[in-house]
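Q: Have a look at this one.
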Amino acid sequence: MGIVRLKFIAALVSALIGSTAAQADWYRATSNHFIVYSDDSLEDVRDYTMRLEQFDQAIRAWHVAPQDKRGASARVTVFVVDTTNDVAKLAGHDGVAGFYRPVAGQSVAFTPRNGSGDLGARAILFHEYTHHWMLTNWTDAALPPWFVEGFAELHATALFRGNQIIFGAVPAYRKYTIGQMNALPMSRLLRFDPGKLSDVERDALYRHGWALTHYLTFDPDGRKRLAGYIGALNGGKAEDPAALIGNGANMDLKIDQYVRRPRLPSSAIDLDTLSIGSIEVTKLTPAESTTMPAMIASNAGVSKKNAGDVAALARRLAAPYPDDAFAQNELAEAEFDACEIDAAAKAACYSRAAAAADRALAADPRSVHALDYRGMADTAALVKDKITDPTRWAAARQWYLRANKVATEMPQPLIAYYDSFGQANEKPTANAQAALLYAYALAPYDGDVRLKATRVYLAQGKLAEARTAITPVAYNIEERAKATYAKKVLTALNDQGADAAISVFDATPAPKDEEQ
């Protein structure tokens with residue numbers, strides 16, 4: 000989602016191998032909504048994390064939103080690197096100044112310590128976190144693309160001034176083209192599905208989405224009109240929901256005039272009124288600091304071009320620390336990813352991931368990550384060897400059940416448990432379906448989990464819930480392959496019913512994370 004796009008290539012690994020991350024003093028800050036890794040000073044890491052928490056709490060205060068009770072499953076892990084060039088190397092694409100990956104229980108963001116140019120590091124992170132915030136807090140409403148991006152842009156420009164945080168500033172990186180409503184007129188912008196967008200129209204959706212969201216937020220009657228419009232879109236009670244916002248041509252002119260004002264309204268929240276909770280900052284151990292380059296690479300996302308190199312890096316960095324859970328957990332993940340991406344890999348390939356997970360569990364028997372990867376290594380090997388013995392599959396699933404007992408609120412073991420039935424060509428049990436739906440409740444920001452929840456709801460005959468789960472995926476303009484797939488399911492559901500939608504799911508697997 001958002002301002003920047005991902006494309007992972009082999010340059011990622013070479014950038015990390017050449018870095019000095021392993022020699023730096025790294026710190027980890029843990030707060031209510033974030034985990035931050037950075038090689039700044041302890042005080043700087045604490046202050047940085049405090050700003051992120053203040054941002055989250057200010058959004059809640061401004062929009063009168065309740066506190067999120069999901070806890071650790073909704074946290075975003077933020078990796079702070081030195082420069083935008085470092086971020087671009089991680090992304091494998093010039094011009095990328097920051098990115099975010101919404102993954103159940105382990106969402107991550109990558110940001111430079113200092114931004115360059117108008118598109119600042121803080122604006123990028125705030126934009127992406129606002130997406131995460133929306134999907135975590137407004138889980139039952141399907142929102143049109145212009146509002147999804149406009150709402151994120153509205154908060155991306157938040158400013159800290161003295162003892163206040165101020166919302167409403169114009170995004171400087173779009174200010175020269177903030178008008179020009181003809182690039183994507185209101186008559187099209189306000190549709191739930193604006194259709195295929197050219198690059199110019201795509202940029203216009205961000206610009207005009209910000210302008211319209213800003214106008215409706217600060218207009219005395221705007222929030223009521225916006226609520227009516229979104230309610231009509233979701234309820235199908237109005238023939239023309241856009242009319243609840245205003246006449247298309249008139250709104251084009253009105254918004255164009257609005258953004259050309261010499262001064263636009265803003266909203267200030269006093270920081271003293273915000274309760275951010277405790278922030279714990281710890282210095283990483285030598286084993287943790289040494290293996291950080293491999294951990295960053297794994298979390299940034301691997302591809303066919305670099306998975307083997309990331310695994311080799313993890314082996315080298317983790318080798319001196321066979322008894323350290325952090326180092327061996329990273330090695331288990333890197334080994335597993337390398338096997339998964341290599342289509343020619345045999346079942347034995349996964350033994351390396353299993354061995355690393357075993358070493359991590361020897362050091363920390365309650366490591367959910369290690370329990371997950373131990374189970375994933377076993378189930379993947381069973382798939383490779385085409386094992387159908389129910390006893391073997393039941394034994395492999397025990398790793399996920401153990402992980403769930405350790406951390407009942409973490410979605411990964413629940414998802415892996417559900418997935419194991421499909422891997423074994425078995426119908427998911429009622430317990431497996433319940434596990435997946437609970438994972439969806441914990442991680443509604445993950446599009447893959449939403450698709451799986453849709454499949455479960457369809458099988459249960461809960462069509463309204465299925466539509467709620469899949470609609471945000473269908474209209475996510477930043478993950479187009481998944482959006483296209485979700486629209487096929489949604490169209491089949493609306494035109495032919497649940498059985499037809501299930502047939503779409505069963506005929507073609509949902510697309511994986513995209514190289515964008």
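Under numbering that gives the first Met the number 0, the letters of the sequence shown match residues 0 to 515, in that order.
Here a beta-carbon is modelled for each residue, glycine too, at the ideal position from N, C-alpha and C.
Which runs of the alpha helix (DSSP H) at least 4 residues long sit entirely within the region 185 to 241? Give them in chain order.
A: 185 to 188, 198 to 217, 221 to 234
Q: Straight-line CA distance for Y444 to T390?
A: Working through the sequence shown from its first residue, we reach residue 444 at position 445. Working through the sequence shown from its first residue, we reach residue 390 at position 391. Approximately 34 Å, taken between the alpha carbons.
Q: With distances taken between CB atoms, is the gap from S72 to E425 smaller than 7 Å?
A: Numbered from 1 along the sequence shown, position 73 holds the residue referred to as residue 72. Numbered from 1 along the sequence shown, position 426 holds the residue referred to as residue 425. The Cβ-Cβ distance between S72 and E425 does not fall below 7 Å.
Q: Have a look at the DSSP bridge pairing and note the partners of L158.
A: Taking the first residue of the sequence shown as position 1, residue 158 is located at position 159. BP columns for L158 point to I165.
Q: Sorted by chain position, which residues of the same chain lie with C-beta nearer than 8 Å to Y47's C-beta, five sequence neighbours on each side aside?
A: The residue labelled residue 47 in the question sits at position 48 within the sequence shown. In the same chain as Y47, and ignoring 5 residues on each side of it, the C-beta atoms closer than 8 Å to its own belong to A28, V35, S37, D39, V79, in chain order.
Q: How would you label S186, buried or exposed, when you count the other beta carbons within 10 angstroms and need 16 or more for buried?
A: To locate residue 186, count along the sequence shown from 1; it is residue 187. By the 10 Å Cβ count, S186 comes out exposed.
Q: Can you tell which of V102, A465, R100, T83 has the C-alpha that lies nearest to the C-alpha of D93?
A: What you label residue 93 is simply residue 94 of the sequence shown in a count that begins at 1. Residue T83 is the option with its Cα nearest to D93.
Q: Classify A141: buried if its beta carbon has 16 or more other beta carbons within 10 angstroms, exposed otherwise.
A: Taking the first residue of the sequence shown as 1, we reach residue 141 at position 142. It is buried - the Cβ of A141 has at least 16 other Cβ atoms within 10 Å.
Q: Apply the 10 Å Cβ neighbour rule to A429 and answer buried if 16 or more other Cβ atoms are within range, or exposed otherwise.
A: Your numbering for residue 429 matches position 430 in the sequence shown. Looking at its Cβ environment, which holds fewer than 16 other Cβ atoms inside 10 Å, A429 is exposed.
Q: Nearer than 6 Å: is that true of the beta carbon of F54 relative to any heavy atom of the ligand HEM?
A: The ligand HEM is not among the ligands present in this structure, which contains no ligands whatsoever.
Q: Would H402 pass as a contact of V367 if the rule is Cβ separation under 7 Å?
A: For the purposes of this step, residue 402 is taken as residue 403 along the sequence shown, with counting starting at 1. For the purposes of this step, residue 367 is taken as residue 368 along the sequence shown, with counting starting at 1. Correcting the residue identity first, residue 402 is Ala in this sequence and not His. In this structure, V367 lies closer than 7 Å to A402 by Cβ.
Q: Rounded to a whole number of angstroms, what is the C-alpha to C-alpha distance between D498 and A509?
A: Here residue 498 is taken as the residue at index 499 of the sequence shown, counted from 1. Here residue 509 is taken as the residue at index 510 of the sequence shown, counted from 1. The alpha-carbon atoms of D498 and A509 are separated by roughly 17 Å.
Q: Beta-carbon within less than 6 Å of F434's beta-carbon, same chain only, minus the 5 sequence neighbours each way: which residues are those?
A: Locating residue 434 in the sequence shown gives position 435, where the first residue counts as 1. The question names Phe, but residue 434 is Ala in the sequence shown. Closer than 6 Å at the Cβ level, and outside the excluded window around A434, lie L413, Y416, Y417.
Q: Among D494, K404, A423, A299, which residue has its Cα nearest to the Cα of A90?
A: Numbered from 1 along the sequence shown, position 91 holds the residue referred to as residue 90. The candidate whose alpha carbon is nearest that of A90 is A299.
Q: Kindly give me the distance between the Cβ atoms of E152 and H131, rounded to whole angstroms, as I take these residues to be in contact under 8 Å.
A: In the sequence shown, residue 152 corresponds to position 153, counting from 1. In the sequence shown, residue 131 corresponds to position 132, counting from 1. Rounded to the nearest angstrom, the Cβ distance from E152 to H131 is 15 Å, too far for a contact under 8 Å.
Q: P111 to P193, Cα distance in whole Å?
A: Counted from its first residue, the sequence shown places residue 111 at position 112. Counted from its first residue, the sequence shown places residue 193 at position 194. Their backbone Cα atoms lie some 33 Å apart in a straight line.
Q: Please check the pair A296 and A337, which I expect to be a contact at CB under 8 Å, by giving their CB distance rounded to whole angstroms.
A: Within the sequence shown, residue 296 is the residue found at index 297, counting from 1. Within the sequence shown, residue 337 is the residue found at index 338, counting from 1. No, A296 and A337 are not in contact; Cβ-Cβ is about 12 Å, not under 8 Å.
Q: Kindly provide the ranges of any beta strand (DSSP E) runs that are 3 or more residues long and lie completely inside the region 74 to 143, ordered along the chain.
A: 75 to 80, 98 to 100, 106 to 111
Q: Which of the three DSSP states, helix, strand or coil, is assigned to T453?
A: Here the question's residue 453 lines up with position 454 in the sequence shown. It is helical.
Q: Here's the rule: buried if 16 or more other CB atoms are within 10 angstroms of the residue's CB, otherwise exposed. What is A452?
A: The residue you call residue 452 lines up with position 453 of the sequence shown. Flag for A452 reads buried.
Q: Can you confirm whether the region 255 to 264 touches the region 44 to 64 when touching is taken to mean that 3 or more C-beta pairs between the two stretches lie within less than 8 Å?
A: no
Q: Is it right to say N493 is buried, meaning 16 or more other beta carbons lie within 10 angstroms of its own, or is it exposed?
A: For this step, residue 493 is matched to residue 494 along the sequence shown. Its Cβ having fewer than 16 others within 10 Å, N493 is exposed.
Q: Can you list, in chain order, the residues of its chain whose CB lies under 7 Å from that of D323, leaving out five sequence neighbours each side?
A: Position 324 of the sequence shown, counted from the first residue, corresponds to residue 323. Excluding residues within five positions, the ones whose Cβ falls inside 7 Å are A286, A362.
Q: Within 10 angstroms of its Cβ, does L158 collect 16 or more other Cβ (buried), or is it exposed?
A: One-based indexing of the sequence shown puts residue 158 at position 159. With fewer than 16 other CB atoms across the displayed protein chains lying within 10 angstroms of its CB, L158 is exposed.
Q: Report the CB separation of A60 from T272 in whole angstroms; it is logged as a contact under 8 Å.
A: Numbered from its first residue, the sequence shown carries residue 60 at position 61. Numbered from its first residue, the sequence shown carries residue 272 at position 273. Indeed, because the Cβ distance is near 7 Å, the residues count as touching under 8 Å.
Q: Could you tell me the distance, in whole angstroms, from the CA atom of D308 to the CA atom of K88?
A: The count along the sequence shown starts at 1 and reaches residue 308 at position 309. The count along the sequence shown starts at 1 and reaches residue 88 at position 89. Taking the straight line joining both Cα atoms gives about 15 Å.
Q: For the beta strand (DSSP E) containing R27, name the first residue and the last one.
A: Along the sequence shown, one-based indexing puts residue 27 at 28. 26 to 29 is the span of the beta strand (DSSP E), which, as asked, contains R27.
Q: Going straight from the alpha carbon of D24 to that of T281, what length do you get?
A: The residue labelled residue 24 in the question sits at position 25 within the sequence shown. The residue labelled residue 281 in the question sits at position 282 within the sequence shown. Straight-line Cα distance between these residues: approximately 11 Å.
Q: Let's see if you can read the secondary structure: which residues bound the alpha helix (DSSP H) around S419?
A: For the purposes of this step, residue 419 is taken as the residue at position 420 of the sequence shown. Element bounds for S419: 410 to 422.
Q: For the alpha helix (DSSP H) that I469 lies in, which residues bound it at each end?
A: By 1-based counting over the sequence shown, the position of residue 469 is 470. Here the alpha helix (DSSP H) through I469 covers 462 to 473.
Q: Name the residue from Y205, R358, L134, D255 whose alpha carbon lies nearest to the alpha carbon of A103.
A: Numbered from 1 along the sequence shown, position 104 holds the residue referred to as residue 103. That would be L134, whose Cα lies nearest to the Cα of A103.
Q: Could you check which residue in L196, I278, T467, E42 has the C-alpha nearest to that of A479?
A: Walking along the sequence shown from the start, residue 479 turns up at place 480. It should be noted that the sequence gives Arg, not Ala, for residue 479. The option with the nearest alpha carbon to R479 is L196.
Q: What does DSSP give as the partner residue(s) for S502 in the beta ladder?
A: Locating residue 502 in the sequence shown gives position 503, counting from the first residue. Note: S502 sits in no beta bridge, so no partner.
Q: For A509, name the three-state secondary structure that DSSP assigns.
A: Looking up residue 509 in the sequence shown gives position 510. Reduced to three states, the DSSP call for A509 is coil.
Q: Bridge partners for I34 per DSSP, in chain order?
A: Counting from one through the sequence shown, the residue named residue 34 turns up at place 35. Note: I34 sits in a beta bridge opposite T29, T76.
Q: Starting from the C-beta of K345, find all residues in its chain whose C-beta is less than 7 Å away, skip the five residues before and the five after it, and write them out in chain order.
A: Within the sequence shown, the letter at position 346 stands for residue 345. Excluding residues within five positions, the ones whose Cβ falls inside 7 Å are K383.
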